[in-house]
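**Q**
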Amino acid sequence: MLTKWMHTLIDTLVASGVRDFVISPGSRSTPLAIAAFLHPSSRTHVLVDERSASFFALGLTRTEERVRPVALICTSGTAATNYYSAVTEANIFELPLIVLTADRPHELRNVGAPQAIDQVGLYGKQVRHAFDLPLAEEASLPYVAHVAQRATLLSLTEPAGPVQINVPLREPLVPELDLLRTGRPVGVLPEPTPGVNNALATALQEERLLFVLGPQLTAVDSQVVISYAKQAGIPVLADPLSQGRQSHDAHVFAYYDTWLKHPATAQHVRPDRIIRFGAMPTSKPYLLWSRDIPTTVVGHPGNWRDPQLHSDFVIGHARQLAHHESVPHDPKYLELLQQAERRVADAFATIDQEEMTEYNVVRALTTLQDGSLFVSNSMPIRDVDTFLPTGTPLRLLANRGANGIDGILSSALGATFDATHRYLLVGDLAFIHDINGLMTARTLPLTIILVNNAGGGIFSFLPQQQLDQDVFEPLFGTPQHLDFASLASGYGVTYQAIDSIAALRQALAEETNVTRILEVKTTRTENVQMHRSIWDVTNQALAEVFQ
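Okay, so the sequence shown: first residue is 688 according to this note's numbering, each after it adds one.
1) Assuming Leu856 contacts Leu725 (C-beta within less than 8 Å), just tell me the rounded distance between them.
2) For Leu1131, which option in Ser1220, Thr983, Glu752 and Ile1204 has the closest C-alpha, if you only look at C-alpha atoms?
3) For the beta strand (DSSP E) that contains Lys1208, what are its first and last residues?
4) Taking 8 Å as the threshold (C-beta atoms), are Ile1092 and Ser1063 in contact?
5) Can you name the start and end residues of the alpha helix (DSSP H) that Tyr1020 belongs to?
6) At a cut of 8 Å, does the region 752-764 reach the region 817-826 through at least three beta carbon pairs?
7) With C-beta atoms as the reference, is Arg784 less than 8 Å away from Leu841?
8) DSSP three-state label for Asp1105, please.
9) Are the CB atoms of Val774 and His816 within a distance shorter than 8 Å?
10) In chain order, which alpha helix (DSSP H) runs of at least 4 residues are fully inside the region 736-761?
11) Taking contact to mean 3 or more Cβ pairs, one atom from each stretch, closer than 8 Å, check whether the region 915-927 and the region 1012-1026 are in contact.
12) Exposed or buried, which one is Ala1172 when buried takes at least 16 other CB atoms within 10 Å?
13) Helix or strand or just coil, what does DSSP make of Gly1114?
14) Which stretch, first to last residue, makes up the alpha helix (DSSP H) that contains Asn778?
15) Are the beta-carbon atoms belonging to Thr1225 and Thr1053 less than 8 Å from one another?
16) Could you compute how far the alpha carbon of Ile1221 sits from the alpha carbon of Arg730?
17) Which two residues bound the contiguous alpha helix (DSSP H) that contains Tyr1046?
18) Looking only at its chain, what residues have a beta carbon closer than 7 Å to the beta carbon of Ala766, apart from the 5 residues adjacent to it on each side?
19) Does the Cβ-Cβ distance between Tyr771 and Cys761 come in under 8 Å?
20) In this structure, does DSSP put Thr768 in helix, strand or coil?
21) Compute the Euclidean distance between the alpha carbons of Met1217 and Lys1208, then round it to the nearest angstrom.
22) From this set, Leu1055, Ile1122 and Ala838, which residue's C-alpha is nearest Ile697's C-alpha?
23) Could you pull the DSSP bridge partners for Ile1136 from this structure?
24) In the DSSP assignment, find the unbroken alpha helix (DSSP H) run with Tyr830 in it and report its ends.
25) So within the region 896-976, which uninterrupted beta strand (DSSP E) runs reach at least 3 residues, ignoring any that extend past its ends?
26) If I'm right that Phe964 touches Leu904 with Cβ under 8 Å, what's the distance once you round it to whole angstroms?
27) Whole angstroms are fine: how far does the CA of Pro927 sit from the CA of Val1071?
28) From the DSSP output, in three-state form, read off Leu1014 for me.
29) Quick one: grab the DSSP three-state call for Phe724.
30) Which partner residues does Asp707 have in the DSSP bridge list?
31) My understanding is that Ser763 touches Gln806, with C-beta atoms under 8 Å, so please give their C-beta distance in whole angstroms.
32) First and last residue of the alpha helix (DSSP H) that includes Ala1184?
33) In whole angstroms, give me the CA-to-CA distance for Thr1037 and Ala1228.
34) Throw me the rounded Cβ distance for the Gly1114 and Ser1187 pair, which I believe falls under 8 Å.
35) Pull up the distance between the alpha-carbon of Val1180 and that of Leu809, whole angstroms please.
36) What residues match up with Leu784 in a beta bridge as DSSP calls it?
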């Protein structure tokens, strides 16, 4: 009965659209792991570190244009607790993660049995639903199939997110293998079918209108918005994670994080209304500037991304724009933003393009012609947001749900799994935080651009930097001074010290089929000075036009 029961559970998940199963090895999860491993339509990935495995699975949900469900499998006890951070990220960033937690049978719960904790509802409000299955019996087979199908649907239903299926298992744990080698093909996920929305139609009538593309959009969604904007003469601010910066178009703007810091420019480019598609952009200047501008957010009810607490909400998708007739808008407003963008671009062009700075590291990424780039939180995503121009053909990804620095390497390995060329931009602390991800990286080619500024560079831009150095350094600077060449050798991956921006560009241009670490050493002090000098140059350029 155990074999038939396991086959029903895994086969129904596959038929519902789950292709990838990430397995954390253990004893109690034996039947789950074997059933997933032997299913003819599944792909299995075995990672011994549960925390790394969970972020790898999180990344796998995003290997395609649309998110797709991925299953995690672990044994009973504390193993499941290691998934919590990734489950939290999946909740906030709306990623369809299905967590299969093997458990002791009901009679061994709360009686002091080894490797038994209370796993029912372990993830609390972080999951869309938590199922606790019955034991493997003939009578429960229809229910097991129902749960597998329902869990997959719940993980994909907007707002998408994680679902837990707790699976109590009684010994013996080894199923019969022959039946498990059969199964259905991976199910096809349904396409959204957006239509005309009257509230959106009303918002589109504003004369001085601004579109904003936030994270969580697909390239298709962003292209629909950009195409409409071109026809109607509407400017578009594109967060790098919206995939909108792949377009090189006069209507699409990348440098708003810089020109919105200039007060006079920010005032001149103020629109009558903003229509935002996707989550709140990365840019803090945008967040501060837009807080009292009337805003319409296009999304779904569970994705109420409005930290400013003043937006109108339209239930729908970016693709609904294709069903709305474009109305010409004020061309002078578009010209204002184009003027600000040109001023910043010209100012950037005056900066030394060969100096070993984090600005030039980001600019070097524009030489990449294709592939997926995963960007770490903290300073890397902020620098990419500020300095990455339009016309960059990379697919950009990041964990912008809870915005933590944990699991970055493993997330990158999962998110770029099906890409032809794979890249990760990461700082030293975030890299160290997930160093065990290198165990997986040995078999998955990934180019890691490691910006090593010996500590937490972002704190040098925050109020904490005013503290005395004897307080700031141990608590916030936190330098680690690790030998990354030795670490790379220990994990069996290639290492290269980068001593110039030219060397970085050359290394990025090389074809490779191995994981490699390209270490770029900078200093936190020089990084702050570099940012301030750029602000001075751009503010001066903007002041010549906007007063």
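Heads up, the beta-carbon is just placed ideally off N, CA and C, and yes, glycines get one too.
**A** Answer, in terms of the structure:
1) By one-based count along the sequence shown, residue 856 stands at place 169. By one-based count along the sequence shown, residue 725 stands at place 38. Wrong, their Cβ atoms sit about 17 Å apart, outside the cutoff.
2) Stepping through the sequence shown from its first residue, residue 1131 is reached at position 444. Checking every option, the nearest Cα to that of Leu1131 belongs to Ile1204.
3) For the purposes of this step, residue 1208 is taken as the residue at position 521 of the sequence shown. Start and end: Arg1203 to Lys1208.
4) To locate residue 1063, count along the sequence shown from 1; it is residue 376. To locate residue 1092, count along the sequence shown from 1; it is residue 405. Cβ distance < 8 Å, so Ser1063 and Ile1092 count as in contact.
5) Start at 1 with the first residue of the sequence shown, and residue 1020 comes out as number 333. Tyr1020 -> alpha helix (DSSP H) spans Pro1018 to Ala1036.
6) no
7) On the sequence shown, residue 784 is found 97 positions in, with the first residue counted as 1. On the sequence shown, residue 841 is found 154 positions in, with the first residue counted as 1. Before going on, a small fix: residue 784 reads as Leu here, not Arg. Result no, Cβ atoms of Leu784 and Leu841 do not sit closer than 8 Å.
8) Start at 1 with the first residue of the sequence shown, and residue 1105 comes out as number 418. Looking at Asp1105 - three-state DSSP - the assignment turns out to be coil, as it is neither helix nor strand.
9) Position 129 of the sequence shown, counting from 1, holds the residue named residue 816. Position 87 of the sequence shown, counting from 1, holds the residue named residue 774. Not a contact, by the Cβ cut-off of 8 Å.
10) 737-747
11) yes
12) Residue 1172 sits at position 485 when you count from the first residue of the sequence shown. That one is exposed.
13) Locating residue 1114 in the sequence shown gives position 427, counting from the first residue. Three-state result, Gly1114: strand.
14) The residue given as residue 778 occupies position 91 in the sequence shown. In the DSSP assignment, Asn778 falls within the alpha helix (DSSP H) that extends over Tyr771 to Phe780.
15) Here residue 1225 refers to the residue found at position 538 when the sequence shown is read from its first residue. Here residue 1053 refers to the residue found at position 366 when the sequence shown is read from its first residue. No, these two residues do not count as a Cβ contact at 8 Å.
16) In the sequence shown, residue 1221 corresponds to position 534, counting from 1. In the sequence shown, residue 730 corresponds to position 43, counting from 1. Rounded to whole angstroms, Ile1221 to Arg730 spans 47 Å at the Cα level.
17) Looking up residue 1046 in the sequence shown gives position 359. Residues Glu1045 to Ala1051.
18) Against the sequence shown, residue 766 aligns to sequence position 79. Excluding residues within five positions, the ones whose Cβ falls inside 7 Å are Ser711, Gly713 and Glu737.
19) Residue 771 sits at position 84 when you count from the first residue of the sequence shown. Residue 761 sits at position 74 when you count from the first residue of the sequence shown. Contact flag unset, no.
20) For the purposes of this step, residue 768 is taken as the residue at position 81 of the sequence shown. Three-state result, Thr768: helix.
21) Counting from one through the sequence shown, the residue named residue 1217 turns up at place 530. Counting from one through the sequence shown, the residue named residue 1208 turns up at place 521. So the alpha carbons of these two residues sit roughly 15 Å apart.
22) Within the sequence shown, the letter at position 10 stands for residue 697. Considering only alpha carbons, the answer is Ala838.
23) The sequence position of residue 1136 within the sequence shown is 449, counting from 1. In the DSSP output, where bridge partners are listed per residue, Ile1136 has Leu1112 and Leu1205.
24) Mapped onto the sequence shown, residue 830 falls at position 143. Per DSSP, the continuous alpha helix (DSSP H) segment holding Tyr830 begins and ends at Leu828 to Leu843.
25) 896-900, 923-925 and 960-964
26) Locating residue 964 in the sequence shown gives position 277, counting from the first residue. Locating residue 904 in the sequence shown gives position 217, counting from the first residue. Between Leu904 and Phe964 the Cβ distance is about 6 Å, and since that is below 8 Å, they are a contact.
27) One-based indexing of the sequence shown puts residue 1071 at position 384. One-based indexing of the sequence shown puts residue 927 at position 240. Near 7 Å, if we compare the C-alpha coordinates of Pro927 and Val1071.
28) Stepping through the sequence shown from its first residue, residue 1014 is reached at position 327. Note that residue 1014 is Val in the sequence shown, not Leu. If DSSP states are grouped into helix, strand and coil, Val1014 belongs with coil.
29) Sequence index remark: in the sequence shown, residue 724 carries index 37 (1-based). Residue state, collapsed to three classes: helix.
30) Numbered from 1 along the sequence shown, position 20 holds the residue referred to as residue 707. Its beta-bridge partners are Arg730 and Val757.
31) Numbered from its first residue, the sequence shown carries residue 763 at position 76. Numbered from its first residue, the sequence shown carries residue 806 at position 119. That belief holds up - the Cβ atoms of Ser763 and Gln806 are roughly 7 Å apart, short of 8 Å.
32) Along the sequence shown, read from residue 1 onward, the residue named residue 1184 stands at position 497. Run containing Ala1184: none in the alpha helix (DSSP H); it sits in the beta strand (DSSP E), Thr1181 to Ile1185.
33) Looking up residue 1037 in the sequence shown gives position 350. Looking up residue 1228 in the sequence shown gives position 541. Approximately 11 Å between the Cα atoms of the pair.
34) Here residue 1114 corresponds to residue number 427 of the sequence shown, with the count starting at 1. Here residue 1187 corresponds to residue number 500 of the sequence shown, with the count starting at 1. Not really, about 20 Å apart at Cβ, beyond 8 Å.
35) Along the sequence shown, one-based indexing puts residue 1180 at 493. Along the sequence shown, one-based indexing puts residue 809 at 122. Cα to Cα, Val1180 sits roughly 36 Å from Leu809.
36) For the purposes of this step, residue 784 is taken as residue 97 along the sequence shown, with counting starting at 1. Val757, per the DSSP bridge assignment.
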